[in-house]
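Trainee: In the order they appear, the protein sequences are chains A and B.
Going by my numbering, the first sequence opens with residue 38, and the numbers climb by one from there.
Going by my numbering, the second sequence opens with residue 12, and the numbers climb by one from there.
Take a look at this one; I'll ask things after.
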Amino acid sequence: MLDDFFIRALLAGIGIALITGPLGCFVIWRRLSFFAGTLAHSALLGVTMALVFELNIAFSVFLISAVLAILLLQLQTKTNLPNDALLGLLAHSSLAIGLVIIGFLTTIRFDVMGLLFGDILAVNQNDLLLIWGGGIFILTILKFIWKPLFASTINYDLAKAEGMEPDRYNAIFTILMAAIIAISIKIVGLLLITGMLIIPAALARNISNNPLQMVILSTIGGLLSILIGLFSSLEFNTASGPSIITAALLLFLISLIKTKRYSELKK
Amino acid sequence: MPDNKKILLKVENAGISVNGKSLVRGVSLEVKQGEIVTLIGPNGSGKSTTAKIALGIYKKIDGKVKTYTNKIGYVPQKISIDWTLPIRVMDFMTLTEELTQDQINSALNLTGVEHLKDKSLSNLSGGEFQRVLIARAISKRPELLVLDEPVQGVDFKGEIALYELIKQISDKMKCGILLISHDLHVVMSATDFVLCLNGHVCCSGTPQKIVKDSKYKELFGDRASNILSLYEHKHDHTHSQDGTIDQK
């Protein structure tokens, strides 16, 4: 029947979809798509750092993402440049620095493509452990901080006035973002983790009318993308990571058709 | 008269400046249980800023702010809900507090918007949205309510009803209210203490005292001084469409 590597890929993908579903909703709500992209870009630097200093890749990526988030907060206080400009600056410069450092690493063979798109078919048991362990950890924290984080997302002043400590929960959320990128970088790669965070949540927005529903539909959308993407990559022998995102895009397009019909019905 | 009502909020000589420019300075005020304190003043005089200082929203302020309760309800002056966030009125009601369906219904009923419970927040009109904001703030049975222009965009009839409701809440629920309002006539008729702001406290006191103050007359004009006398002597006054009192 199915090979072991394929089962492992499925398990890894399902784990990632379960985390990116809810987290992605917050990315969309808080208008952080570009922030997610910036963190993902910085992961390349994280991986090179791991190679140079012989660190664990996930740990190193997490560290660099966290540093980047702090750097962003610092930059915001130093200049009045808009956020998207600052994020673009950080994204591309960290990517560039990562690539420059790779140039110096002549002794190590380095698969840049693998880093960009991940290699879900090469997942081993340790990776699975990292994804599911880390995933359960992330989701537990997210459930725990849901209410204050959601209130802070709706309105900072309101949350602050009514004792919800928005600064603390915004910071925790940033750490969760760094964590999901760290544990998924090897599997879906840095270009595709952004896609998994944004596309399922975006398609869910088109067909939901309350926050919880959007989170559920976003998770289902992510799971379907993983299943359709992986099975079609097996069938058509295409690259698995990009196949997953293509599947997500197709689902997004379908969700658009549905909203159109729905709004026509309402007229 | 002995005054043993619990103090809920105490602001002492507070102010804030941004980039060296003072937004508001030297504000002292106190809100007690069952009391309505109102901030009035022209645009840009620091009313909302003062409310935010009192609520601890700013990180760096001058002076001291002390709140003696953590049951606070806040109606901000401006709040925009992004389209990307699908949220119904009922989801919004439980934003900072767990409520039962009954509690949600009765709060919405008080402000007259129970029928909007399942509607999306982004589909509400300005007035409907304000009513939902007020309902949410009172539904958690706060000890301290901070209302920043709570009836903006509400039609005239509704405005009076909502101010009456606010007065009732302060009486019945014994909560202290810090109110920001443009509507001088409401302010003067329903509040216990008035602070007149213009970057600093121009004058403060009971409504009776305030209207006689020359600084108040300077800020709002002579006509504003007549408001209270109208109120004291002629309770069957009429209003024109824009909310001003018709003088006969």
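Glycine included, every Cβ here is placed at the ideal spot set by N, Cα and C.
So, under 8 Å CB-CB, residue 61 of chain B and residue 35 of chain B are touching, yes? Tell me the CB distance rounded to an integer number of Å.
Mentor: Indeed they touch by this definition, with Cβ atoms about 6 Å apart.
Trainee: Classify residue 55 of chain B as buried or exposed, calling it buried when 16 or more other Cβ atoms lie within 10 Å of its own Cβ.
Mentor: Exposed, by the Cβ-count rule.
Trainee: So for residue 175 of chain B, helix, strand or coil by DSSP?
Mentor: Residue 175 of chain B: helix per DSSP, three-state reduction.
Trainee: Distance, Cα to Cα, residue 94 of chain A vs residue 76 of chain A?
Mentor: Each residue's alpha carbon lies about 15 Å from the other.
Trainee: What residues in the stretch 63–78 of chain B have a beta carbon less than 8 Å from any beta carbon of chain A?
Mentor: Residues passing the 8 Å Cβ filter: 63, 66, 67, 68.
Trainee: Going by the DSSP bridge assignment, what does residue 204 of chain B pair with across the sheet?
Mentor: Residue 204 of chain B is bridged to B:48.
Trainee: Judging by CA-CA distance, which residue of A:243, A:232, A:251 is the nearest neighbour of residue 263 of chain A?
Mentor: With distances taken between Cα atoms, residue 263 of chain A lies closest to A:232.
Trainee: Quick check: the Cα distance between residue 148 of chain A and residue 63 of chain B, rounded to an integer number of angstroms?
Mentor: Taking the straight line joining both Cα atoms gives about 53 Å.
Trainee: Per DSSP, which residues does residue 262 of chain A bridge with? Please list them.
Mentor: Residue 262 of chain A is not bridged to any residue.
Trainee: From the DSSP output, read off the bridge partner residues of residue 188 of chain B.
Mentor: The partner list for residue 188 of chain B (beta bridge, DSSP) reads B:47, B:156.
Trainee: Expressed to the nearest angstrom, what Euclidean distance is found between the alpha-carbon atoms of residue 118 of chain B and residue 204 of chain B?
Mentor: In a straight line, the C-alpha of residue 118 of chain B is about 27 Å away from that of residue 204 of chain B.
Trainee: Got a sec, what are the start and stop residues for the alpha helix (DSSP H) residue 63 of chain B sits in?
Mentor: Its alpha helix (DSSP H) spans residues 58–65.
Trainee: Between the alpha carbons of residue 288 of chain A and residue 47 of chain A, how many angstroms are there, rounded?
Mentor: So the two alpha carbons sit approximately 19 Å from each other.
Trainee: For residue 189 of chain A and chain B, any beta-carbon pair shorter than 8 Å?
Mentor: Output row for residue 189 of chain A: interface = no.
Trainee: In the DSSP assignment, find the alpha helix (DSSP H) that holds residue 77 of chain B and state where it starts and stops.
Mentor: Where residue 77 of chain B is concerned, there is no enclosing alpha helix (DSSP H), although the beta strand (DSSP E) it sits in stretches over 73–78.
Trainee: When DSSP builds the beta bridges, which residues end up paired with residue 84 of chain B?
Mentor: Answer is B:156, bridged to residue 84 of chain B.
Trainee: Give me the DSSP bridge partner(s) of residue 131 of chain B.
Mentor: Paired residues: B:99.
Trainee: Looking at chain A, is there any beta carbon in it that lies within less than 8 Å of the beta carbon of residue 93 of chain B?
Mentor: Interface residue, yes.
Trainee: Whose C-beta lies closer than 7 Å to the C-beta of residue 145 of chain B among residues of the same chain, with five residues either side of it excluded?
Mentor: Contacts found: 86, 122, 161, 173.
Trainee: Using the C-alpha atoms, what's the distance from residue 101 of chain A back to residue 176 of chain A?
Mentor: Approximately 22 Å between the Cα atoms of the pair.
Trainee: In angstroms, rounded to a whole number, what distance separates the CA positions of residue 321 of chain A and residue 110 of chain A?
Mentor: Here chain A covers residues 38 to 304 and nothing more, so residue 321 of chain A does not appear.
Trainee: With 16 other CB atoms within 10 Å as the buried threshold, where does residue 181 of chain B fall?
Mentor: Looking at its Cβ environment, which holds 16 or more other Cβ atoms inside 10 Å, residue 181 of chain B is buried.
Trainee: For residue 197 of chain A, return the contacting residues in chain B, with the cut-off set at a CB-CB distance below 8 Å.
Mentor: Correct list: 66, 67, 68.
Trainee: What does the Cβ neighbour count give for residue 147 of chain B, buried or exposed, with the cut at 16 atoms within 10 Å?
Mentor: Answer is buried; the Cβ neighbour count reaches 16.
Trainee: By Cβ distance, which residues of its chain are closer than 6 Å to residue 108 of chain B, with the 5 residues on each side in sequence left out?
Mentor: Once the five neighbours on either side are set aside, the close Cβ partners of residue 108 of chain B are 151.
Trainee: Of all the residues that make up the stretch 48–61 of chain A, which are near chain B by a beta-carbon distance shorter than 8 Å?
Mentor: Correct list: empty, as no residue qualifies.
Trainee: Enumerate in chain order the residues of its own chain whose CB-to-CB distance from residue 184 of chain B is below 7 Å, with the five nearest sequence positions on each side excluded.
Mentor: 152, listed in sequence order.
Trainee: Rounding to the nearest angstrom, what Cα-Cα distance links residue 72 of chain A and residue 99 of chain B in this structure?
Mentor: Approximately 27 Å between the Cα atoms of the pair.
Trainee: For residue 211 of chain B, which residues of its own chain have a beta-carbon under 6 Å away from its beta-carbon, when the five flanking residues on both sides are left out?
Mentor: Within the same chain, residue 211 of chain B has close Cβ partners 36, 37.
Trainee: Could you please give the first and the last residue of the uninterrupted beta strand (DSSP E) stretch that includes residue 216 of chain B?
Mentor: Its beta strand (DSSP E) spans residues 212–216.
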